[in-house]
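Before any comments, here is the structure.
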Amino acid sequence: MPHLHIKEFKTISLPSEKDGVAFRFMASNVMHKDEKMIAVNYEGEDFFLLVKEDTDRTLLKTDKLTRPASIYNVHKALLAYAKAADLEVLASNVPDTQKNVHLQEATALKKIEYFAKEFPSEKEIRIEVGFGSGRHLLHQAANNPDVLFIGIEIHRPSIEQVLKQIVIQKLDNVLLLDYDARLFMELIPSNLVGAIYVHFPVPWDKKPHRRVISTNFIKEARRVLKVGGTLELRTDSENYYAYSYETFIAFPKISLQINKNRDIAVSSKYEDRWKRMEKNIYDVIMTNDEDSPQLKIEGNFDFGDCCASLLSEEELLQLHNKTVRFDGGFIHFERVYTLENGVMLRISMGSFDRPEHLYVIVEKDRVAYFPELPLRSPVNLKAHQHLVKVLYG
74 MPHLHIKEFK
84 TISLPSEKDG
94 VAFRFMASNV
104 MHKDEKMIAV
114 NYEGEDFFLL
124 VKEDTDRTLL
134 KTDKLTRPAS
144 IYNVHKALLA
154 YAKAADLEVL
164 ASNVPDTQKN
174 VHLQEATALK
184 KIEYFAKEFP
194 SEKEIRIEVG
204 FGSGRHLLHQ
214 AANNPDVLFI
224 GIEIHRPSIE
234 QVLKQIVIQK
244 LDNVLLLDYD
254 ARLFMELIPS
264 NLVGAIYVHF
274 PVPWDKKPHR
284 RVISTNFIKE
294 ARRVLKVGGT
304 LELRTDSENY
314 YAYSYETFIA
324 FPKISLQINK
334 NRDIAVSSKY
344 EDRWKRMEKN
354 IYDVIMTNDE
364 DSPQLKIEGN
374 FDFGDCCASL
384 LSEEELLQLH
394 NKTVRFDGGF
404 IHFERVYTLE
414 NGVMLRISMG
424 SFDRPEHLYV
434 IVEKDRVAYF
444 PELPLRSPVN
454 LKAHQHLVKV
464 LYG
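Using our numbering, you'd call the opening residue of the sequence shown number 74 and step up by one each time.
Right, here's the structure in full:
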């Protein structure tokens with residue numbers, strides 16, 4: 074992750090701007106006095122820089138929850154703040170270079186709001202979860218120009234490498250998303266998707282709740298797949314294969330195809346390596362056999378106009394580490410920050426196995442999520458209702 078080690082952190086007058094980067098406000102962690110957050114806006118993206126102070130040096134980096142789609146924007150913000158505050162940099166892994174020419178032309182990387190506002194439906198959709206090097210995704214897109222491919226990945230270097238290839242290969246039928254695929258599935262319209270590829274997911278043997286394949290994921294896959302559409306798992310993990318097969322077969326009615334060491338048109342460098350090691354590779358392919366009801370999600374994330382009944386600042390500060398549980402989900406107040414004129418809460422909310430993590434700014438005349446609204450899913454809307462009850466007593 075890009076970062077600067079600096080001798081001493083210095084504040085600047087806020088709001089202010091340097092080299093096109095806007096610095097809006099600062100938040101200070103109530104429980105950990107050595108942690109501060111700086112709100113940044115650059116090229117339309119809102120995110121935080123994180124300050125971690127120590128006795129002999131201070132770390133300045135991007136906040137993991139709000140990191141922008143472009144790693145270049147992180148580089149730009151770090152260098153701009155260092156210049157604005159005249160910081161003494163002791164060590165850095167941030168290149169002082171121009172944005173890659175291919176990344177300057179790239180438009181395929183989208184934020185979740187793009188899909189939440191109006192999901193693309195003009196073409197058949199195929200989705201790849203965790204595209205890694207992008208070999209399979211790019212191959213499929215090049216050979217199926219009339220299909221729109223959505224690639225989901227959270228590893229930034231992989232995203233940027235695939236973005237470059239999309240520009241170089243002049244592909245106009247690929248969109249990329251840095252997001253939790255399990256949550257993304259919940260906003261896809263029903264009966265729309267032709268195929269979902271989950272190739273070589275992380276097995277998560279010690280943290281099985283983080284696995285992509287789960288009962289809920291399969292339910293959502295069956296809903297979003299059109300009749301004849303497929304969910305294709307490909308793995309070299311014996312444990313993941315066995316777990317996944319048991320999860321699939323637990324459904325009272327399901328169509329499955331099992332393959333072992335099947336060759337496909339294109340393979341990743343890791344798959345090539347595993348084949349040389351003579352590791353077995355398993356495919357579990359589920360075919361959807363029936364139409365699903367259309368997706369209906371009602372509600373919004375408004376906080377209303379009752380700011381007069383908000384908890385006091387002292388009461389808000391007491392929310393640190395509190396948890397509210399409800400049927401099907403929860404809200405956990407992870408951290409509390411003070412602002413110049415209010416309080417900021419870092420929360421996790423939604424379902425237990427795929428929660429969202431975000432910030433809520435609470436000021437005298439407004440309450441708002443930052444930097445963006447939660448995904449509009451039934452469990453998140455329910456969590457929002459409980460959050461409103463907490464904040465308004």
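In this text, a Cβ means the ideal position worked out from N, Cα and C, and glycines have one as well. A quick note: this is a predicted structure, and the numbers were derived from the prediction, not measured.
Which term fits residue i, buried or exposed, when burial requires 16 or more other beta carbons within 10 angstroms of its beta carbon?
i	result
Pro-88	exposed
Leu-329	exposed
Pro-218	exposed
Asn-166	exposed
Gln-213	buried
Lys-109	buried
Arg-335	exposed
Pro-325	exposed
Glu-259	buried
Lys-63	Residue 63 lies beyond the stretch modelled for the chain, which goes from 74 to 466, so this question has no answer here.
Tyr-270	buried
Met-422	buried
Gly-468	Residue 468 cannot be examined here, being either before or after the span of the chain that is shown, 74 to 466.
His-228	exposed
Ser-86	exposed
Asp-209	The question names Asp, yet the displayed sequence has His at residue 209. Per the 10 Å Cβ criterion, buried.
Val-124	buried
Gly-117	exposed
Pro-447	buried
Asp-375	exposed
Met-359	buried
Lys-156	exposed
Tyr-314	buried
Ile-239	buried
Asp-92	exposed
Val-202	buried
Met-104	exposed
Thr-139	buried
Glu-387	exposed
Ile-331	exposed
Ile-261	buried
Lys-462	exposed
Gly-205	buried
Helix, strand or coil, according to DSSP, for residue i in the structure here?
i	result
Lys-102	The residue asked about is misnamed: residue 102 is Asn in this sequence, not Lys. Note: Asn-102 maps to strand in three-state DSSP.
Phe-188	helix
Ser-165	strand
Ile-198	strand
Ile-232	helix
Lys-149	helix
Glu-81	coil
Ile-420	strand
Ile-327	coil
Phe-204	coil
Val-409	strand
Leu-464	helix
DSSP has residue i in a bridge; who is on the other side?
i	result
Leu-304	Ile-269, Met-359
Tyr-313	DSSP lists no partner for Tyr-313.
Ile-225	Val-202, Leu-250
Leu-182	Leu-249
Ile-76	The amino acid at residue 76 is misidentified as Ile; the sequence shows His. Answer is Lys-134.
Ile-291	Note: Ile-291 sits in no beta bridge, so no partner.
Glu-90	Ala-95
Phe-403	Arg-398, Gly-423
Val-220	Glu-197
Leu-298	Val-266
Using a Cβ-Cβ distance cut-off of 8 Å, determine whether residue i contacts chain B.
i	result
Ser-165	Included in the structure is just one protein chain, with no chain B present.
Counting only runs that start and end within the region 108-143, where is the beta strand (DSSP E) found for 3 or more residues in a row?
Taking only runs of at least 3 residues, the beta strand (DSSP E) segments lying wholly in the region 108-143 are 108-115, 118-126, 131-135.
With a floor of 4 residues, list each alpha helix (DSSP H) that falls wholly inside the region 330-393, ordered by position along the chain.
If we require 4 residues or more, the alpha helix (DSSP H) runs fully inside the region 330-393 come out as 342-349, 386-390.
Does the count of Cβ pairs from the region 291-298 and the region 261-269 closer than 8 Å reach three?
Judged by Cβ distances under 8 Å, the region 291-298 makes contact with the region 261-269, as three or more pairs qualify.
Enumerate, from N- to C-terminal direction, the unbroken beta strand (DSSP E) stretches of 3 or more residues contained entirely within the region 424-459.
DSSP assignment within the region 424-459 yields the following whole beta strand (DSSP E) runs of 3 residues or more, N-terminal first: 429-436, 439-443.
With three or more beta-carbon pairs closer than 8 Å as the criterion, would you say the region 178-193 touches the region 152-167?
Segments in contact, no.
Spell out a yes or no on whether the region 406-416 and the region 98-114 are touching, meaning 3 or more CB-CB pairs, one atom from each, closer than 8 Å.
Yes, the region 406-416 touches the region 98-114.
Answer yes if the region 232-250 comes into contact with the region 366-376, meaning at least three C-beta pairs across the two stretches below 8 Å, and no otherwise.
No, the region 366-376 is not in contact with the region 232-250.
Does the region 456-465 come close enough to the region 282-295 to have 3 or more Cβ pairs within less than 8 Å?
Touching, no, given that fewer than three Cβ pairs across the two stretches are closer than 8 Å.
Determine contact between the region 394-408 and the region 423-442, defined as no fewer than three beta-carbon pairs at a distance below 8 Å.
As far as the Cβ criterion goes, the region 394-408 touches the region 423-442, which means the pair count is three or higher.
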